[in-house]
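A.B. asks:
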Amino acid sequence: VWSEAGDVVMASESVAALHTAKPGKKTLRLPSRRTVWDLLSGKCLGRKLKKLEFETSAPETRVFYFGDKAPF
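Mapping of the sequence shown onto our numbering: residues 7 to 78, in sequence order.
Okay, here's the thing in structure tokens:
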């Protein structure tokens, strides 16, 4: 998992977090196809995603969970 914009990314097999100081469109490229959940809203953002694209304000931290079942 990485960010092309140079934002701070922390990741494990099942969770990724991105912190940004700059607003705008962000892309996280995933190492394999994943079901992605937004951990703050609890919403499923997509299934079998190879990359995740989203908008951010600044400063902002986004946290995502990877798994077929809902994290809650």
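Don't be surprised by glycine CBs; every beta carbon is placed ideally from N, CA and C.
#1: Opposite residue 44 in the DSSP bridges: which residues?
#2: Tell me whether residue 52 sits in a helix, a strand or coil according to DSSP, three-state version.
#3: Our contact map puts residue 39 next to residue 55 with C-beta atoms below 8 Å; I'd like the distance itself, whole angstroms only.
#4: Within the continuous beta strand (DSSP E) that includes residue 22, where are the two ends?
#5: Quick one: Cα of residue 57 to Cα of residue 42, how far?
C.D. replies: Walking through what the data contain:
#1: The beta-bridge partner set that DSSP reports for residue 44 consists of 70.
#2: Residue 52 carries a strand assignment under DSSP once its states are collapsed to helix, strand and coil.
#3: With a Cβ gap of about 6 Å, residue 39 and residue 55 count as contacting.
#4: Going by DSSP, residue 22 is part of the beta strand (DSSP E) stretching over 21-26.
#5: Approximately 10 Å between the Cα atoms of the pair.
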